[in-house]
Amino acid sequence: MTSEVEIRSSQDELGIGALAAAPVLDSSARHLYKATLVPLRLQVASVGQAIPKLVFLRSLGLDSSEAAEVAARGVQSDAVRDILAALTDDATLSFTAKMPAVAEVPIDHLLSVGRHVVELRREQARIAAKTAESEPSSGAAQLALQRAQIAVKQFEADLAGPKLGLMNLERLEMAPAGIERGELIATIPLAPLEQTAVTQKEWSVQKKEFTSIVTDSLETLSETGVTDNTELSQAATSEQEHSNQFNITGTVKGGIPVI
Numbered sequence: 029m030t031s032e033v034e035i036r037s038s039q040d041e042l043g044i045g046a047l048a049a050a051p052v053l054d055s056s057a058r059h060l061y062k063a064t065l066v067p068l069r070l071q072v073a074s075v076g077q078a079i080p081k082l083v084f085l086r087s088l089g090l091d092s093s094e095a096a097e098v099a100a101r102g103v104q105s106d107a108v109r110d111i112l113a114a115l116t117d118d119a120t121l122s123f124t125a126k127m128p129a130v131a132e133v134p135i136d137h138l139l140s141v142g143r144h145v146v147e148l149r150r151e152q153a154r155i156a157a158k159t160a161e162s163e164p165s166s167g168a169a170q171l172a173l174q175r176a177q178i179a180v181k182q183f184e185a186d187l188a189g190p191k192l193g194l195m196n197l198e199r200l201e202m203a204p205a206g207i208e209r210g211e212l213i214a215t216i217p218l219a220p221l222e223q224t225a226v227t228q229k230e231w232s233v234q235k236k237e238f239t240s241i242v243t244d245s246l247e248t249l250s251e252t253g254v255t256d257n258t259e260l261s262q263a264a265t266s267e268q269e270h271s272n273q274f275n276i277t278g279t280v281k282g283g284i285p286v287i
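In terms of my numbering, the sequence shown opens at residue 29 and continues consecutively.
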């Protein structure tokens, strides 16, 4: 991106605006950093998850008349009827106290309640569009219908799979011969809307030149030569230094006393 900006600025200074800027070749970079999000494939349990179910029922925005009609249409479970009655009650504590009961309600029953609400509000919107004397009442019915549809679709999307995933951070290295090598730097579990900071530290290795100067001094002779500093020579030097650390030398002195 820096090279592209420099090319454009130089062209503007020279007055050559008609020429296209040279494209940036990302594949020619030496190091490429890649992040891949891998979702976890787990089976969603039908029971439990009281908070998503509570959010779904709250997002429907039911009133007492709608709750009574939905309960009379196709609700077979007594627990769902009690939850709908508590949902339309003004006392919030009466509904939050039933959260364990909400967790035990199967997901299919709640989805059927949401679909019944969508059908009911679709009928109400159709009637309001035909008999309404003013546009605000018809618009309110359409907004209520859209609210129920969005709530049902959002609840289905939330239960389609787990929200946790793994963020794989990789680094790819490109060789001149076209060989692509890579390594996995880290794997971080993330939840939706979760933010985290990742710090990576690597040890730096001080490298020598390709050759090193060797001086050999004797009593009457002194020579200076050049040797190759290859990986083999470095390994031999390291092995020699390692073996010298374990060398143990000792001196024993003794004598015979004069008798």
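The beta carbon of each residue, even a glycine, is placed where N, CA and C say it ideally should be. Quick caveat, the model's predicted, so the values are computed rather than measured.
#### Entry: Validate contact between the region 79–89 and the region 219–228 using beta carbons, cut 8 Å, 3 pairs
no
### Task
Below 8 Å on the Cβ atoms is my guess for Val133 versus Glu94; work out the distance and round it to an integer in Å.
About 18 Å separates the two Cβ atoms, so there is no contact after all.
### Query
DSSP on Ala225, reduced to helix/strand/coil?
coil
### Task
Note down the Cα distance separating Ala306 from Ile213, rounded to an integer number of angstroms.
Look at the range of the chain in this structure, 29 to 287, and you will see that residue 306 is not part of it.
### Message
Once DSSP output is grouped into helix, strand and coil, what is the label at Leu138?
### Response
helix
### Task
Just mark Ile135 as buried or exposed, buried being the case when its beta carbon has 16 or more other beta carbons within 10 Å.
buried
### Message
Within the continuous alpha helix (DSSP H) that includes Leu187, where are the two ends?
### Response
Premise fails: Leu187 is in no alpha helix (DSSP H) and is neither H nor E.
### Task
Can you tell me which of Met127, Asn196, Val98 and Arg69 puts its alpha carbon nearest to the alpha carbon of Glu151?
Val98
### Task
State yes or no: is the C-beta of Val141 within less than 8 Å of the C-beta of Val108?
yes
#### Entry: Three-state class that DSSP yields for Leu90 in the structure shown
coil
### Query
For Val130, does the count of other Cβ atoms within 10 angstroms reach 16, so buried, or fall short, so exposed?
buried
#### Entry: Contacts around Leu65, its chain only, beta-carbon distance under 6 Å, and the 5 residues preceding and following it disregarded
Gly193 and Met195
### Query
Tell me which same chain residues have a C-beta within less than 6 Å of the C-beta of Ala188, skipping the five on either side of it?
none
### Message
Can you tell me whether Ala168 is helix, strand or coil according to DSSP?
### Response
helix
### Message
Measuring alpha carbon to alpha carbon, tell me which residue in Leu148, Glu184, Leu112 and Thr159 is nearest Ala172.
### Response
Leu148
### Query
Between which two residues does the alpha helix (DSSP H) carrying Val75 extend?
No alpha helix (DSSP H) holds Val75; DSSP gives it neither H nor E.
### Message
According to DSSP, is Leu121 part of a helix, a strand, or is it coil?
### Response
Bear in mind that the predicted position of Leu121 carries a pLDDT of just 49, short of 50, making it unreliable; the figure below should be weighed with that in mind. In this structure, Leu121 counts as helix in the three-state DSSP scheme.
### Query
Is Val133 helix, strand or coil by DSSP?
coil
#### Entry: Reduced DSSP secondary structure (H/G/I, E/B, other) of Pro220
coil
### Message
What does the Cβ neighbour count give for Val180, buried or exposed, with the cut at 16 atoms within 10 Å?
### Response
buried
### Query
Under the three-state reduction of DSSP, which class applies to Leu68: helix, strand or coil?
coil
### Task
Look at Leu112 and Phe183 and say whether their C-beta atoms are less than 8 Å apart.
no
### Query
Do you know how far the Cα of Met127 is from the Cα of Ala156?
35 Å
### Task
Have a look at the DSSP bridge pairing and note the partners of Ile195.
Position check: residue 195 holds Met in this sequence, whereas Ile was assumed. Partner(s): Leu65 and Ile216.
#### Entry: Spatial neighbours of Ala96 in its chain, beta-carbon cut-off 7 Å, leaving aside the 5 residues before and after
none
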